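For reference, the structure is listed below as structure tokens.
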Amino acid sequence: MSQTPQMDVLYLKDLGHVLGIFTRNSEPGDIEADASAFVGDGLHLRALKPGQDLVVPPALIGLFRTDRNWRQILSPLNLYATHLDTAPVLSSFPGPALTVAYAAPNLKITLANVGATIQVLVLDTAGGAPVQFSAAVTTTQTNVSLAMTGLIVGHQYNAFVFVPAYPIAVQTFTAA
Amino acid sequence: MTTPIVRPTFYEGEILPASDLTATVDYARNQVARHSRYLHSWGISSGLTLKFASGNVTLSAGVAIDGTGREIVVPDDLQLDSTTFDVFPQVDPSTLYPVFLNGVDQPAPPSSNLSGACGGAQSTAIQETYTISFGAPGSELQAAAQPAPSITDGPDGGVTGAWLILLGFVTWDDTKKQFTSVANFNKSSNVGPQYVGVNASQVISSSGSLLLATHPPAAPGANPVMGVQIQEASTGGQMVFGELGADGKLTPALTVKANGDVIATGQLKGAVTPGSMQVQSGIAFDGMILPLPVGIDPADAAAGKVTVHTHVTPHHESVNPPVNHYYVPVECRVDTSTRRVHCSVIDPLNPPPFARIPAWCDYLVIVAVPASQGSGS
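Taken in sequence, the protein lines are chains L and S.
In this text, residue positions in the first sequence follow our numbering: the first is 783, and each later residue adds one.
In this text, residue positions in the second sequence follow our numbering: the first is 278, and each later residue adds one.
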């Protein structure tokens with residue numbers, strides 16, 4: 783076990799967005815294999831959209847341990863992790879935010895630079911489990927349209943958009 | 278009904294035919310085979326390792342006992358014949374092909390100064406030799422499930438239905454027509470060579486010390502040799518677990534004394550002392566599940582087998598609201614059934630007014646482990 787104070791980072795698997803950071807003054811010798819012990823049936827994120835409780839499914843959440851950094855603990859949503867397969871590194875988002883717009887039936891995502899995989903969690907503002915959408919972006923693509931299928935027409939939704947190296951974006955729309 | 282075991286006997290003046298003399302040899306041989314089969318488990322007993330160098334694979338000399346109780350001796354190191362391998366369709370150069378050993382009886386060359394009844398020279402001995410063969414990928418699984426012989430049977434002659442002993446695996450370069458590596462274990466099939474064992478309900482030493490080891494001391498190999506030794510002494514015995522050195526001595530990692538003392542050079546993990554209090558603390562954030570102390574099984578907490586006490590307070594240190602913003606705690610609690618944190622503040626002077634802002638808390642979790650860890654305790 784490391785002698786340096788540690789912190790535990792919950793992040794979105796594959797994409798690297800940090801969802802939360804906590805500390806344990808007695809860290810176990812080996813970190814838990816998955817994050818389920820700390821998220822239960824899902825991690826409740828209430829910071830992304832006031833009044834909206836986004837429950838991120840445990841299967842999408844990874845866990846790693848790194849040296850403690852108080853500034854990072856108190857601003858986790860400004861961070862993303864890289865080198866997830868080896869020794870993860872936490873960084874602030876480097877560039878401008880992406881833009882999101884809804885033009886029925888598509889969610890249009892515009893990236894400042896080329897991206898990679900896009901993951902979108904769409905949550906009914908009335909609550910319930912999020913609907914997942916994802917798309918792979920080609921290396922030259924900066925505009926992505928995701929068809930918002932399977933939603934209830936007339937219901938209001940919040941789309942939480944995750945793209946590697948971009949801050950999490952939230953777009954509210956009424957399904958049409 | 279199976280014929281009982283027959284032991285040859287002779288009487289004075291009897292004319293001994295060849296069959297009676299052969300029966301005396303077979304009786305002892307069959308008895309040894311049954312001993313090997315039922316008091317031991319079959320496999321490699323010494324040597325017989327595959328080594329790769331410069332495109333060639335060499336099998337080291339050694340001894341094995343097959344599942345019929347037959348002893349197979351490879352007296353010298355042997356280079357595997359690559360020409361006998363080149364029969365399989367090659368697709369993936371990383372494919373592992375099993376290498377098998379089986380015993381074969383061969384009549385020895387006739388003795389030149391003896392003759393049979395018809396004057397023809399006949400063999401008076403059997404050579405207990407062997408063959409090496411290669412199998413298709415995955416055939417090691419079949420070799421691990423070979424049918425056992427009948428209880429009275431003697432050892433196999435290796436002529437039909439020979440018992441295969443897995444020696445390891447090779448990979449092959451079909452362009453260069455040569456072997457490229459050897460492996461002792463196939464992770465895909467989860468199969469490796471089997472080594473001889475002992476079938477016994479008691480293992481008793483008369484020396485005052487009993488050693489179990491994963492290899493002989495100083496055996497060549499990638500892993501350290503580990504051992505367990507039970508020793509008696511006038512002051513009380515002990516059981517020692519540790520690494521076995523080339524000198525045959527154990528470096529103790531864990532020692533259990535006869536009086537019950539347990540001495541570990543490392544950390545004891547996993548077990549939580551009954552009747553103890555375990556503690557965890559730190560910083561948690563709104564929406565997560567509070568961590569439990571190290572070693573506490575979440576299932577035990579959920580089932581009520583341990584008593585979980587939690588305490589949370591809003592975390593203020595290093596939380597620096599922007600200028601003219603003021604955070605007022607409105608909620609800081611833990612859902613007792615799930616240990617989920619509910620911690621939020623409001624910023625009453627800034628819009629949207631009274632919107633809850635998720636926040637952090639300092640937490641303390643104390644788990645009382647009952648003295649008896651019985652179900653429902």
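Every residue, glycine too, gets a C-beta built ideally from N, C-alpha and C.
As the structure is a prediction and not an experimental result, all values here were calculated from the model.
{"Query": "Residue span of the alpha helix (DSSP H) that contains residue 843(L), given as start and end", "Result": "Counting along the chain, residue 843(L) falls outside any alpha helix (DSSP H), though it belongs to the beta strand (DSSP E) covering 843-849."}
{"Query": "Limits of the unbroken beta strand (DSSP E) element including residue 633(S)", "Result": "633-635"}
{"Query": "Backbone secondary structure at residue 925(L) - three-state DSSP", "Result": "strand"}
{"Query": "Buried/exposed call for residue 909(L), threshold 16 Cβ in 10 Å", "Result": "exposed"}
{"Query": "Beta-carbon proximity check, residue 572(S) vs residue 549(S), cutoff 8 Å", "Result": "yes"}
{"Query": "Distance, residue 454(S) Cα to residue 353(S) Cα", "Result": "25 Å"}
{"Query": "Min CB distance residue 610(S) to chain L below 8 Å", "Result": "no"}
{"Query": "CB of residue 273(S) within 8 Å of CB of residue 377(S), strictly", "Result": "Examination of residue 273(S) is not possible in this model, given that chain S is present from 278 through 654 alone."}
{"Query": "Inside the segment 845-892 of chain L only - alpha helix (DSSP H) runs reaching at least 4 residues", "Result": "852-855"}
{"Query": "For residue 783(L), the three-state DSSP class (helix, strand or coil)", "Result": "Here residue 783(L) scores only 48 on pLDDT, less than 50, and its place in the model should not be relied on; the value that follows carries that caveat. Note: residue 783(L) maps to coil in three-state DSSP."}
{"Query": "Coarse secondary structure for residue 358(S), derived from DSSP in three states", "Result": "coil"}
{"Query": "Min CB distance residue 882(L) to chain S below 8 Å", "Result": "no"}
{"Query": "Chain L contact residues for residue 559(S), given Cβ-Cβ distances below 8 Å", "Result": "804, 805, 806, 807"}
{"Query": "C-alpha distance - residue 565(S) paired with residue 793(L), whole-angstrom precision", "Result": "13 Å"}
{"Query": "Residues near residue 622(S) in its chain [Cβ-Cβ closer than 8 Å; skip 5 each side]", "Result": "591, 604, 605, 606, 607, 633, 634, 636"}
{"Query": "With 16 other Cβ atoms within 10 Å as the buried cut-off, status of residue 939(L)", "Result": "buried"}
{"Query": "8 Å contact criterion, which residue 461(S) and residue 469(S) should meet: CB distance rounded", "Result": "6 Å"}
{"Query": "Residue from 281(S), 313(S), 307(S), 641(S) with nearest C-alpha to residue 473(S)", "Result": "313(S)"}
{"Query": "Beta-carbon proximity of residue 336(S) to residue 444(S), cut-off 8 Å", "Result": "yes"}
{"Query": "Cβ contact (3+ pairs, closer than 8 Å) linking the segment 531-541 of chain S and the segment 609-620 of chain S", "Result": "no"}
{"Query": "Contacts of residue 821(L) in chain S (Cβ-Cβ under 7 Å)", "Result": "565, 566"}
{"Query": "Proximity to residue 889(L) [Cα-Cα], best of 951(L), 808(L), 920(L)", "Result": "951(L)"}
{"Query": "Cβ shell of residue 456(S) (< 8 Å), same chain only, five flanking positions each side left out", "Result": "329, 332, 333, 334, 357, 359, 362, 447, 448, 449, 450"}
{"Query": "Below-8 Å beta-carbon distance, residue 811(L) vs any chain S residue", "Result": "yes"}
{"Query": "CB contact check: residue 615(S) to chain L, cutoff 8 Å", "Result": "yes"}
{"Query": "Chain-order list of residues whose beta-carbon lies under 7 Å from that of residue 885(L) (same chain, five-residue window excluded)", "Result": "none"}
{"Query": "For residue 341(S), the three-state DSSP class (helix, strand or coil)", "Result": "strand"}
{"Query": "Contact residues within the segment 486-519 of chain S, judged by C-beta distance below 9 Å to chain L", "Result": "none"}
{"Query": "Closer than 8 Å to chain S by CB, residue 844(L)", "Result": "no"}
{"Query": "For residue 299(S), three-class secondary structure by DSSP", "Result": "helix"}
{"Query": "is_contact[residue 832(L), chain S] using C-beta, thresh 8 Å", "Result": "yes"}
{"Query": "Nearest-angstrom Cα separation, counted from residue 800(L) out to residue 509(S)", "Result": "57 Å"}
{"Query": "Limits of the alpha helix (DSSP H) - the one that residue 819(L) falls within", "Result": "818-821"}
{"Query": "Length of the line joining the Cα atoms of residue 751(L) and residue 859(L)", "Result": "Since the first residue shown for chain L is 783 and the last is 958, residue 751(L) is missing from the structure and cannot be characterised."}
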